[in-house]
Amino acid sequence: MAVERYARDVVVHGRVQGVFFRATCQQEAIARGVTGWVSNEYDGTVRAHVEGTTASVAAMVRWLSTGPRRAIVERIEVTEATPTGAAGFEVR
């Protein structure tokens with residue numbers, strides 16, 4: 000029986016660039032079995048696409064709401080997304 004995959008797109012606002020957010024995000028995603036990508040945006044936010052089981056995606060979204068220790072997350076925007084079948088977790 001195939002495991003159903005879920006996906007979410009997340010935009011993280013606050014002091015989230017220059018604090019190792021993407022590298023730490025990749026480590027956290029791999030630890031949770033989540034696939035997708037994370038990138039810095041020109042407006043100072045971090046954008047992520049995460050895919051996995053309901054539980055693993057929810058855990059990753061919770062982590063994104065706080066980020067690494069040096070980050071100051073002010074808010075996140077979470078939207079439903081279509082799974083792309085991503086393999087691995089890429090820092091863009």
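For the record, in the sequence shown the residue sitting at position 3 is 2 according to numbering that gives the first Met the number 0, with numbers rising by one throughout. We treat Cβ as the ideally placed atom computed from N, Cα and C, and that holds for glycine.
Following the continuous alpha helix (DSSP H) through V60, name the residue where it begins and the one where it ends.
-> V60 -> alpha helix (DSSP H) spans T53 to L63.
Does DSSP put R21 in a helix, a strand or coil?
-> Here R21 sits in helix by DSSP.
Determine the closest residue to G84 out of I71, A58 and V49, with distance taken between C-alpha atoms.
-> When each option's Cα is compared against that of G84, the closest is V49.
Measure the C-alpha to C-alpha separation of R61 and R21 and round it to an integer number of angstroms.
-> C-alpha separation (whole angstroms): 15 Å.
Let me know the secondary structure DSSP gives R31 once reduced to three states.
-> Correct three-state label for R31: helix.
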